[in-house]
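Novice:
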Amino acid sequence: MTQAAHDEPTVKMGLPMSNGKLAMWLFLVTEIMFFTALIGVYMILRNGTPSHAEPLRWPRPHEVHLDERLGALNTFVLICSSFTVVLGHFYVIRRNFQRATLLIGVTLALGFVFLGIKAYEYKGKIDHDILPGRIGESLASRKDDAGKEGTLSPEKERLYHATSIDYYERVRGQLKEIKDHGPADDKHVKECAELLERMNGKDETVDGKTRYVSPIGAPELGERVNHILHEAEHDGRTLHIAPTVPFGNLWASCYFAMTGFHALHVLGGLVIFSIILVMGLRGKLGPQHESMLELTGLYWHFVDIVWIFLFPLLYLV
Amino acid sequence: MADTHTLAADHDDPDHHAGVFKAYLIVFIALSVFTAVSFIVNAIFGIGSVTGAAIIMGVAVVKALLVGFIFMHLKWDWYKLYFMILPAFIVGTMMIIVLLPDIVLAWPH
Chain A
1 MTQAAHDEPT VKMGLPMSNG KLAMWLFLVT EIMFFTALIG VYMILRNGTP
51 SHAEPLRWPR PHEVHLDERL GALNTFVLIC SSFTVVLGHF YVIRRNFQRA
101 TLLIGVTLAL GFVFLGIKAY EYKGKIDHDI LPGRIGESLA SRKDDAGKEG
151 TLSPEKERLY HATSIDYYER VRGQLKEIKD HGPADDKHVK ECAELLERMN
201 GKDETVDGKT RYVSPIGAPE LGERVNHILH EAEHDGRTLH IAPTVPFGNL
251 WASCYFAMTG FHALHVLGGL VIFSIILVMG LRGKLGPQHE SMLELTGLYW
301 HFVDIVWIFL FPLLYLV
Chain B
1001 MADTHTLAAD HDDPDHHAGV FKAYLIVFIA LSVFTAVSFI VNAIFGIGSV
1051 TGAAIIMGVA VVKALLVGFI FMHLKWDWYK LYFMILPAFI VGTMMIIVLL
1101 PDIVLAWPH
């Protein structure tokens, strides 16, 4: 029996490529599905906004404090890192391990630059309170450029009403914080204090007649908060008050989901590059690591491709 | 690892060595230029322009193809991997197409 088995011709199964590379591509295919779902949902939600006219349309990048220059810089940083990693693999094949180590070090540094810029952007979102569930959705004026009134279905009006109540109370707390802790003679602090007062109903006496003045509604509050924020930004100040941006919460959820998962992938790549760099610095990088570098490179290029699509979708179009 | 050497074959061949390096460098420059093009197109057409969006997304597709085919070696490995990659894109595109009318039509215009 044993002899017979030995005599059988060896049949090579599978694709003409290494198991590691095949496994990496299978993993990347699942990643394609994952990011396609994220980006696809973003496109569907974005195109699902009721109007392309102001204000009932998807938020523009500047309205949610997105700077396309930072996005373009991060794109360039990732492109540079893709170039250095592919050269790192190139030099490992050429048995120039010293140069390969240097290039992996540069890739690692570029990855950290990318995450640093991303962290700076996230800090901006936190400072401006552009976070999921915290943004106001209703504005007093719903007229587009042609003067046509934007309308929502009663169901969506009710939905926004619930959001508005939360927003109203959140802004009340934020205005109180500014009023209590800001310099009393500052014009922006004064504006905040005035607005805070208008959020409470009061009796007002005009020509000897007393009448009750109702507190302002959420849509009007949104308009006035946006006005205060605009004025403060013009003066180079950042006030920690949640703005009102129609579809802002949906935008923020999409933004943090897509860029957050992408940043996690970048972080995962940097862990592997750190291991390769340490091996290189200790002189342990050898021909046996050719495959490791190639597979890590494949993963890193995929992360680059995802950002190539996220950059225009979030910052440009 | 023999399959990965399709691009980097003949370790000792200096012409091949230079050719591969040149290919990587050209792709890197092209990617950088395309990024600048996207930025400039956005500045010219502005946000919300259909023409601008079409150009920018077209440029993004070209950039992704360059990274995939040259940096990820799909130019040489495509015939071994297309059966895995294509279905993922087909199903992903179908998902968007199928769901898009549902939510878009849900809004009163």
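Heads up: the protein sequence lines correspond to chains A and B, in order.
Using the working numbering, the first residue of the first sequence is number 1, and each one after it goes up by one.
Using the working numbering, the first residue of the second sequence is number 1001, and each one after it goes up by one.
Heads up, the beta-carbon is just placed ideally off N, CA and C, and yes, glycines get one too.
Predicted model, so just to flag it, every value in this text is computed and none were measured.
Is the beta carbon of Ser269 of chain A sitting closer than 8 Å to the one on Val303 of chain A?
Specialist: In the first sequence, counting from the first residue as 1, residue 269 of chain A sits at position 269. In the first sequence, counting from the first residue as 1, residue 303 of chain A sits at position 303. Residue identity differs from the one stated: residue 269 of chain A is Gly in this sequence, not Ser. Contact: yes.
Novice: May I ask which residues mark the beginning and end of the beta strand (DSSP E) holding Arg211 of chain A?
Specialist: Here residue 211 of chain A is taken as the residue at index 211 of the first sequence, counted from 1. Looking at the DSSP string, the run of the beta strand (DSSP E) that includes Arg211 of chain A is Lys209 to Val213.
Novice: Can you pull out the residues from the stretch 68-84 of chain A whose beta carbon lies closer than 7 Å to at least one beta carbon of chain B?
Specialist: Answer in chain order: Glu68, Ala72, Thr75, Phe76, Ile79, Ser82 and Phe83.
Novice: Name, going along the chain, the residues of the stretch 107-128 of chain A whose beta-carbon falls closer than 8 Å to a beta-carbon of chain B.
Specialist: Within the stretch 107-128 of chain A, no residue has a Cβ that lies closer than 8 Å to any Cβ of chain B.
Novice: With distances taken between CB atoms, is the gap from Ile228 of chain A to Ala1088 of chain B smaller than 8 Å?
Specialist: As a first step, residue 228 of chain A is located in the first sequence; it is residue number 228 there, counting from the start. As a first step, residue 1088 of chain B is located in the second sequence; it is residue number 88 there, counting from the start. Cβ atoms of Ile228 of chain A and Ala1088 of chain B: not closer than 8 Å.
Novice: For Ile1029 of chain B, does the count of other Cβ atoms within 10 angstroms reach 16, so buried, or fall short, so exposed?
Specialist: Residue 1029 of chain B sits at position 29 when you count from the first residue of the second sequence. Exposed, since its Cβ has fewer than 16 Cβ neighbours within 10 Å.
Novice: Does Met1001 of chain B come within less than 8 Å of chain A when only Cβ atoms are used?
Specialist: Sequence index remark: in the second sequence, residue 1001 of chain B carries index 1 (1-based). Note that Met1001 of chain B scores 39 on pLDDT, short of 50, meaning its location in the model is unreliable; the coordinates nonetheless yield the value given after this. Chain A, which has a Cβ nearer than 8 Å to the Cβ of Met1001 of chain B, makes this yes.
Novice: Check whether the Cβ of Ala1008 of chain B lies closer than 8 Å to any Cβ atom in chain A.
Specialist: Taking the second sequence and counting its residues from 1, one reaches residue 1008 of chain B at position 8. Low per-residue confidence applies at Ala1008 of chain B: pLDDT is 47, beneath 50, and the placement is therefore not dependable, though the value from the model is reported in the following sentence. Yes, because at least one Cβ of chain A sits closer than 8 Å to the Cβ of Ala1008 of chain B.
Novice: Using the three-state DSSP reduction, which class does Gly222 of chain A fall into: helix, strand or coil?
Specialist: Here the question's residue 222 of chain A lines up with position 222 in the first sequence. Three-state result, Gly222 of chain A: helix.
Novice: In whole angstroms, what separates the C-alpha of Phe35 of chain A from that of Glu204 of chain A?
Specialist: Working through the first sequence from its first residue, we reach residue 35 of chain A at position 35. Working through the first sequence from its first residue, we reach residue 204 of chain A at position 204. Distance between the alpha carbons of Phe35 of chain A and Glu204 of chain A is about 57 Å.
Novice: Taking all protein chains shown into account, do 16 or more other C-beta atoms lie within 10 angstroms of the C-beta of Gln174 of chain A, making it buried, or fewer, making it exposed?
Specialist: Within the first sequence, the letter at position 174 stands for residue 174 of chain A. Result: buried.
Novice: Can you grab the Cα-Cα spacing for the pair Ile308 of chain A / Gly20 of chain A, in whole Å?
Specialist: By 1-based counting over the first sequence, the position of residue 308 of chain A is 308. By 1-based counting over the first sequence, the position of residue 20 of chain A is 20. Approximately 26 Å between the Cα atoms of the pair.
Novice: In angstroms with no decimal places, state the Cα-to-Cα distance between Pro1101 of chain B and Val213 of chain A.
Specialist: Locating residue 1101 of chain B in the second sequence gives position 101, where the first residue counts as 1. Locating residue 213 of chain A in the first sequence gives position 213, where the first residue counts as 1. Roughly 46 Å between the two C-alpha positions.
Novice: Can you give the beta carbon distance from Arg172 of chain A to Leu196 of chain A, rounded, assuming they're within the 8 Å contact cut?
Specialist: In the first sequence, residue 172 of chain A corresponds to position 172, counting from 1. In the first sequence, residue 196 of chain A corresponds to position 196, counting from 1. Confirmed, about 7 Å.
Novice: Is there a Cβ from chain B that is less than 8 Å from the Cβ of Arg237 of chain A?
Specialist: Start at 1 with the first residue of the first sequence, and residue 237 of chain A comes out as number 237. Chain B, which has no Cβ nearer than 8 Å to the Cβ of Arg237 of chain A, makes this no.
Novice: Can you confirm whether Arg60 of chain A, when its beta carbon is compared against all beta carbons of chain B, has any partner nearer than 8 Å?
Specialist: Along the first sequence, read from residue 1 onward, the residue named residue 60 of chain A stands at position 60. Yes, its Cβ sits closer than 8 Å to a Cβ of chain B.
Novice: Hey, could you find the ends of the beta strand (DSSP E) Val206 of chain A is sitting in?
Specialist: Locating residue 206 of chain A in the first sequence gives position 206, counting from the first residue. Lys202 to Val206 is the extent of the beta strand (DSSP E) around Val206 of chain A.
Novice: Under a Cβ-count criterion, where at least 16 other Cβ atoms within 10 Å of its own Cβ denotes burial, should Val1091 of chain B be classed as buried or exposed?
Specialist: As a position in the second sequence, residue 1091 of chain B is number 91, starting the count at 1. So Val1091 of chain B counts as exposed.
Novice: Can the beta-carbon of Leu264 of chain A be found less than 8 Å from the beta-carbon of Tyr42 of chain A?
Specialist: As a working note, residue 264 of chain A is residue 264 in the first sequence. As a working note, residue 42 of chain A is residue 42 in the first sequence. Contact: no.
Novice: Three or more C-beta pairs under 8 Å: does that hold for the stretch 59-72 of chain A against the stretch 281-293 of chain A?
Specialist: Judged by Cβ distances under 8 Å, the stretch 59-72 of chain A makes no contact with the stretch 281-293 of chain A, as fewer than three pairs qualify.
Novice: Please list the partners that Asp304 of chain A has in chain B, where partner means a Cβ-to-Cβ separation under 7 Å.
Specialist: In the first sequence, counting from the first residue as 1, residue 304 of chain A sits at position 304. What Asp304 of chain A touches in chain B: Val1067.
Novice: Could you please give me the residues that DSSP links to Gly136 of chain A through a beta bridge?
Specialist: The residue labelled residue 136 of chain A in the question sits at position 136 within the first sequence. Paired residues: A:Thr244.
Novice: Quick one: is Asn47 of chain A near chain B, going by C-beta distance under 8 Å?
Specialist: In the first sequence, the residue the question calls residue 47 of chain A occupies position 47. Yes, because at least one Cβ of chain B sits closer than 8 Å to the Cβ of Asn47 of chain A.
Novice: Could you tell me whether any Cβ in chain C is nearer than 8 Å to the Cβ of Ala1018 of chain B?
Specialist: This model lacks chain C altogether; the protein chains it does include are A and B.
Novice: For chain B, find out if any of its Cβ atoms is closer than 8 Å to the Cβ of His301 of chain A; answer yes or no.
Specialist: Residue 301 of chain A sits at position 301 when you count from the first residue of the first sequence. Judged by the 8 Å Cβ criterion, His301 of chain A is in contact with chain B.
Novice: Roughly how many angstroms separate the alpha carbons of Gly217 of chain A and Met1072 of chain B, rounded to a whole number?
Specialist: On the first sequence, residue 217 of chain A is found 217 positions in, with the first residue counted as 1. On the second sequence, residue 1072 of chain B is found 72 positions in, with the first residue counted as 1. Straight-line Cα distance between these residues: approximately 56 Å.
Novice: Closest by CA to Thr101 of chain A, which one among A:Arg94, A:Phe247 and A:Gly88?
Specialist: Locating residue 101 of chain A in the first sequence gives position 101, where the first residue counts as 1. Of the candidates A:Arg94, A:Phe247 and A:Gly88, the one whose C-alpha sits nearest the C-alpha of Thr101 of chain A is A:Gly88.
Novice: Verify whether the separation of the beta carbon atoms of Ile276 of chain A and Thr244 of chain A is less than 8 Å.
Specialist: Here residue 276 of chain A refers to the residue found at position 276 of the first sequence. Here residue 244 of chain A refers to the residue found at position 244 of the first sequence. Not in contact: Ile276 of chain A and Thr244 of chain A (Cβ atoms no closer than 8 Å).
Novice: Which residues, taken in chain order from the stretch 1070-1101 of chain B, show a beta carbon closer than 9 Å to some beta carbon of chain A?
Specialist: If the cut-off is 9 Å between Cβ atoms, the stretch 1070-1101 of chain B has Ile1070, Phe1071, Met1072, His1073, Asp1077, Lys1080, Leu1081, Met1084, Ile1085, Pro1087, Ala1088, Phe1089, Val1091, Gly1092, Thr1093, Met1095, Ile1096, Leu1099 and Leu1100 near chain A.
Novice: Just the C-alpha distance for Ala184 of chain A and Val64 of chain A, rounded to the nearest angstrom, thanks.
Specialist: In the first sequence, the residue the question calls residue 184 of chain A occupies position 184. In the first sequence, the residue the question calls residue 64 of chain A occupies position 64. Answer to the nearest angstrom: the Cα atoms are 29 Å apart.
Novice: Any beta carbon of chain B sitting closer than 8 Å to that of Trp25 of chain A?
Specialist: Against the first sequence, residue 25 of chain A aligns to sequence position 25. Chain B contact via Cβ: present.
Novice: Which bits of chain A does Lys1063 of chain B rub up against, with CB to CB less than 7 Å?
Specialist: In the second sequence, residue 1063 of chain B corresponds to position 63, counting from 1. Result: Ile308.
Novice: Any beta carbon of chain B sitting closer than 8 Å to that of Ile44 of chain A?
Specialist: Here residue 44 of chain A corresponds to residue number 44 of the first sequence, with the count starting at 1. Answer yes: the Cβ-Cβ gap between Ile44 of chain A and chain B drops below 8 Å somewhere.
Novice: Taking DSSP as the reference, what is the three-state secondary structure of Val1037 of chain B?
Specialist: Looking up residue 1037 of chain B in the second sequence gives position 37. Val1037 of chain B: helix per DSSP, three-state reduction.
Novice: So the candidates are A:Gly201, A:Ala232, A:Asp207 and A:Glu169; which of them puts its Cα closest to the Cα of Lys190 of chain A?
Specialist: Here the question's residue 190 of chain A lines up with position 190 in the first sequence. Out of A:Gly201, A:Ala232, A:Asp207 and A:Glu169, A:Ala232 has the C-alpha closest to the C-alpha of Lys190 of chain A.
Novice: Answer with yes or no whether the minimum CB distance from Thr1035 of chain B to chain A is below 8 Å.
Specialist: Here the question's residue 1035 of chain B lines up with position 35 in the second sequence. With 8 Å as the cut-off, Thr1035 of chain B counts as an interface residue toward chain A.
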